[in-house]
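In the UniProt record's numbering, the protein residues as written are 1 to 378.
Glycine included, each C-beta is placed from N, C-alpha and C at the ideal position.
The structure presented is a predicted model; accordingly, all values stated were derived computationally and were not measured.
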Amino acid sequence: MASLFYACHIDQTPLTSLPQDVGQCPPLLAIPESTTAMTAPRTPKPARKKPESATPAKAVEPREKASLHPRNRHQGRYDFPALIKTTPELAKFVIINPYGKESIDFASPDAVRVFNRALLKSFYGIAHWDIPADYLCPPVPGRADYVHFLADLLAAGNDGVIPRGAAVKVLDVGMGANCVYPLIGHSDYRWQFLGSEIDATALASAKAIVQSNGLNKAIQLRQQSNPKHILLGLLEPGERFDLTMCNPPFHASLEEATKGSTRKWRALGKADPKRKLPVLNFGGQAAELWCEGGEARFVTQLIAESAQVSQQALWFSTLVSKASNLPAIQTALKKAGVLQSQVVEMSQGQKQSRFVAWTFKTQSEQQIWRRERWALKS
């Protein structure tokens with residue numbers, strides 16, 4: 001509309017600055033007095049009303065967490081007074097957003113870390129939780145969704161019943177310093193977890209979380225000694241897992257990870273001039289955010305390695321942040337001899353994500369697995 005207006009008013013004079021009475025405008029041509037008698041008098045045009053100033057559009061609050069899994073505990077708005085009651089230190093990070101609602105500055109690693117601590121304590125009974133500075137601090141609601149959809153995956157082959165309790169064993173590949181997946185999975189379903197990690201500092205952090213919350217029997221930790229491998233060399237011969245899960249690094253280089261983080265900071269208007277590099281993804285070490293070849297290469301390697309330990313897990317799975325990587329992943333699944341696979345789409349507010357799950361077991365083998373492991377123990 002603005003372009004059309006300026007095309008008609010080449011001098012770009014705003015409409016509101018034109019005279020209210022067009023009849024008062026100076027004539028375009030000076031008409032001699034002798035010709036005015038021969039010319040019919042013009043009918044004055046009605047005075048043009050000055051347009052009313054436009055009313056500023058009100059900010060429309062986006063729908064929060066619009067499509068979380070039905071069993072996700074984080075539906076609706078956060079109850080900040082309740083969160084502050086359990087975690088008083090959160091109070092200093094609470095702000096009023098442009099929509100007049102309580103929130104936090106999600107571009108602040110300290111705010112996000114304390115906010116996660118409050119969520120984990122209020123919803124999952126995790127009394128002690130912290131991570132080292134500059135380690136990945138994931139959004140709890142989105143992480144919970146992955147766990148719940150995996151529970152649905154197990155239920156789909158179990159007459160719609162989610163297997164619960166210590167009979168269900170889950171491997172969290174690249175657990176990270178935050179240990180979030182095991183904490184949620186054990187709290188909601190009482191599953192047992194083994195978390196793997198290549199980073200010694202992250203492993204120590206996860207160990208501190210597990211020990212301080214008395215979860216040593218429910219959550220075990222193990223370091224992958226060979227950083228070039230994912231599953232190979234990690235599992236013991238007799239170990240069996242009903243699920244494996246993974247949040248892979250999705251950038252192909254430190255430069256790409258930095259650019260991605262910079263875009264997020266700029267989108268929030270939070271570029272940090274005091275640091276040479278922005279906080280990667282609002283926290284996160286190199287191994288958490290990037291690897292050579294990026295997400296596609298990591299996931300295809302994970303699939304290839306899963307084929308070599310195919311009998312040690314019922315379902316393998318991994319998050320896939322980039323939908324453009326799915327064709328390469330599907331090719332890798334076919335090459336590995338996977339018998340069944342599926343892509344499960346997830347949505348948290350405006351963010352779209354998904355995970356890929358696959359198995360090397362036939363339907364009859366899956367039935368035997370469930371009967372032997374869950375029937376009498378769930």
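One thing to note: K322 has its Cβ no nearer than 8 Å to the Cβ of E305.
N72 and C137 have their C-alpha atoms roughly 19 Å apart. In this structure T244 touches S317 by the C-beta definition: roughly 6 Å separates them, less than 8 Å. Secondary structure in the stretch 100-131: the alpha helix (DSSP H) runs of 4 residues or longer, each lying completely within the stretch, are 109-124 in chain order.
Counting along the chain, F316 sits inside the beta strand (DSSP E) bounded by residues A313 to L319. Excluding the 5 residues flanking it on each side, I162 has same chain C-beta neighbours closer than 8 Å at A151, D152, L154, A155 and Y189, in chain order. Comparing alpha carbon positions, the residue from V320, G349 and Q366 closest to F355 is V320. In this structure, the straight-line span from the alpha carbon of H128 to that of T362 is close to 42 Å. Looking at the DSSP output, L221 sits in a beta bridge with G195. Residue state for K334 is assigned as helix, using DSSP reduced to three classes.
Here V168 carries a coil assignment [DSSP, helix/strand/coil].
Under the criterion of beta carbons closer than 8 Å, A206 and C179 qualify as touching, at roughly 4 Å. Scanning its chain for C-beta atoms nearer than 6 Å, with the 5 sequence neighbours on each side dropped, one finds around I219 the residues P182, F193 and V210, in chain order. Under the three-state reduction of DSSP, K228 is assigned to coil, being neither helix nor strand.
Of the candidates G76, D110 and F80, the residue whose Cα lies closest to the Cα of S103 is F80. Beta-carbon to beta-carbon, I126 and N213 are separated by about 6 Å, close enough to satisfy the 8 Å threshold. For Q301, the secondary structure class from DSSP, reduced to helix, strand or coil, is helix. For A357, the enclosing beta strand (DSSP E) covers residues K351 to T359. S108 and K335 have their C-alpha atoms roughly 43 Å apart. Listed in chain order, the non-local C-beta contacts of S67 below 6 Å within the same chain comprise S347, local neighbours out to five positions each way being set aside. Annotated as proximal: S196 and G174, with beta-carbon spacing under 8 Å. The alpha-carbon of A307 is positioned some 49 Å away from that of A91.
C246 has V173 as its beta-bridge partners, per DSSP. In this structure, the alpha-carbon of G100 lies about 13 Å from that of R77.
With 16 or more other Cβ atoms from the protein chains shown falling within 10 Å of its own Cβ, K169 counts as buried. For Q352, the closest of A111, P70, L83 and D145 by C-alpha to C-alpha distance is D145. C-alpha of A166 to C-alpha of N216: approximately 13 Å in a straight line. As the crow flies, the alpha-carbon of D110 is around 12 Å from that of A118. The beta carbons of G238 and S225 sit no closer together than 8 Å.
Note on geometry: alpha-carbon atoms of V344 and E372 lie some 27 Å from one another. Residue burial is scored here from C-beta neighbours: T359 has at least 16 other C-beta atoms within 10 angstroms and is therefore classed as buried. In the structure shown, S347 adopts extended strand secondary structure according to DSSP, grouped into three states. Nearest to L120 by C-alpha distance, out of S187, I96 and Y135, is S187.
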